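Student: What follows is a single structure, and I will ask about it in a moment.
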Amino acid sequence: ATPLSITVGTGKGAMAGILIRSAEALETAHKIDTVVLDKTGTITKGSPVLTDILPVDGTAGDDLLRLVASAEASSEHPLASAIVEGARDRGLKVTEAATFESVTGQGVRAHVSGLEVLVGNERLLAGAGVDPTPLVADASALGRDGKTAMFVALDGRAAGVIGVADTVKDGSIAAIAALHDRGLDVVMITGDSRLAAAAIAREVGIRRVLAEVMPEHKASEVRRLQAEGRVVGMVGDGINDAPALAQADVGFAMGTGTDVAIESSSVTLTSGALLGVVTAIDLSRATMRNIK
Ligand code: ADP
Ligand code: MG
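Residue numbers are given in the UniProt record's numbering: position 43 of the sequence shown equals residue 527, and the series is strictly consecutive.
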């Protein structure tokens, strides 16, 4: 590509809120045949809201929520913020946990009011030797609605399920349809459960889903697609997406996301709208057409 066409392409991108860091990114984007999309914060708004508090028999909902919110108070995860805000909205007093440990891609472990509190996915409970069986039916029902279900254990016993719901961003459905129209394969990747991921995928028209992917494995999934000979565009917003964004042939970060994601990407979509990926690919195709 000529330096002039690249400068023109980059300038057009900037006007559309698409910041392209290198000539190489603009030159590679037209070859992308597979677009991998993170779910939370990329396809969805990423600001989930507390919707369900489902204690097992013998525990009051308010007690369960107060303990869980206090355990989550030190976590920076969007799921934690949803729980803490939901508890405060319900007039509950959120206290500081005596101990706090965050388990990446799984949840949190804390001590609150003399109880050991675990909040997270099934893997977190399994890792602590807690039998999740009493919670599985409630968690599955939430998952089928596209909600994220969090398992709660108190002092080593299954105690309840907390549900939060995230909403699909305006424009995600249209952007995914536009990617399909251009003949691209679209894949959703998420650490969330298979059920919740499948429900959101159905809502936005994505057929291929990689769910329950640990943060450190998102990059290996991108590498696996590249090993099939695919040219991969990865779109994400979180710290957990950063290695995958760097691994992809072109990484697209949501401008609304974390700094680490932006630094690991060659393109930033300033408004956080998924349609920017389509515009960037179109721009690259037009730029490369002018050159040949
Ligand atoms: P995503 O890829 O959707 O951004 P993460 O890798 O951050 O998800 O987390 C994967 C899963 O681990 C979440 O869906 C949730 O079940 C659990 N989890 C992670 N952090 C927390 C937390 N602070 N509280 C409860 N559960 C959590
Ligand atoms: Mg995310």
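Built from N, CA and C at the ideal position, the CB exists for glycine as well.
This one's a predicted model, so the numbers in the text were calculated from it and none came from an experiment.
#1: At a Cβ threshold of 8 Å, is glycine 741 touching chain B?
#2: Taking the alpha-carbon of glycine 655 as reference, which of Thr518, Lys529, Ala612 has the nearest alpha-carbon?
#3: State the DSSP-derived secondary structure class of valine 601, mapped to helix, strand or coil.
#4: For the beta strand (DSSP E) containing aspartate 522, list its first residue and its last residue.
#5: Just the Cα atoms here: how many angstroms apart are valine 734 and valine 751?
#6: Quick check on glycine 495: does DSSP put it in helix, strand or coil?
#7: With three or more C-beta pairs closer than 8 Å as the rule, is the region 550-569 touching the region 644-661?
#8: Only counting runs of 4 or more residues, tell me where the alpha helix (DSSP H) segments fall wholly within the region 519-568, in order along the chain.
#9: What do you reckon, is the C-beta of methionine 738 under 7 Å from a heavy atom of the ligand ADP?
#10: Distance check for alanine 637 and leucine 551, CA to CA, integer angstroms please.
#11: Taking the C-alpha atoms as reference points, what is the distance between aspartate 547 and threonine 524?
#12: When every heavy atom of the ligand ADP is checked, does at least one fall within less than 7 Å of the C-beta of valine 601?
#13: At which residue ranges does the region 653-699 contain complete alpha helix (DSSP H) runs of 4 or more residues, listed in the order of the chain?
#14: Measure the Cβ-Cβ separation of leucine 758 and alanine 659 and say whether it is below 8 Å.
#15: Mapping DSSP to helix, strand and coil, what is valine 614?
#16: For leucine 503 and threonine 512, I'd like the C-alpha separation in whole angstroms.
#17: Just checking glutamate 580 against the ligand ADP - is the residue's beta carbon closer than 7 Å to any of the ligand's heavy atoms?
#18: Among Ala662, Arg708, Met698, Thr491, whose alpha-carbon lies nearest the alpha-carbon of glutamate 508?
#19: To the nearest angstrom, report how far apart glycine 667 and valine 520 are at their CA atoms.
#20: Return the residue from the list Asp517, Met772, Ala680 that minimises the CA-CA distance to glycine 717.
#21: Rounded C-beta distance between methionine 738 and threonine 494? I'm assuming under 8 Å.
#22: Buried or exposed, going by whether 16 or more other CB atoms sit within 10 Å of the CB of asparagine 774?
#23: Give me the pocket residues for the ligand ADP, defined as CB within less than 6 Å of any heavy atom, sorted by chain position.
#24: For threonine 763, does the three-state DSSP call read helix, strand or coil?
#25: Please work out which residues of its chain come closer than 6 Å, Cβ to Cβ, to arginine 672, disregarding the five sequence neighbours upstream and downstream, and give them in chain order.
#26: For arginine 505, which residues from the same chain have a beta carbon less than 8 Å from its beta carbon, with the 5 sequence-adjacent residues on both sides left out?
#27: Taking the C-alpha atoms as reference points, what is the distance between alanine 500 and leucine 663?
Tutor: Concretely, from the data shown:
#1: Of the chains in the structure shown, none is chain B; there is only one protein chain.
#2: Lys529
#3: strand
#4: 518-522
#5: 7 Å
#6: helix
#7: yes
#8: 545-556
#9: no
#10: 10 Å
#11: 28 Å
#12: no
#13: 656-665, 678-688
#14: yes
#15: coil
#16: 15 Å
#17: no
#18: Thr491
#19: 14 Å
#20: Asp517
#21: Not a contact, Cβ separation roughly 19 Å.
#22: exposed
#23: Lys523, Thr524, Glu556, Ser559, His561, Leu563, Ala564, Gly589, Gln590, Gly591, Val592, Val603, Gly604, Asn605, Thr632, Met634, Thr674, Gly675, Asp676, Pro699, Gly722, Asn724
#24: helix
#25: According to the sequence shown, residue 672 is methionine rather than arginine. Within the same chain, methionine 672 has close Cβ partners Leu521, Lys523, Ala685, Ile690, Val693.
#26: Ser749, Ser750, Val751, Thr752
#27: 18 Å
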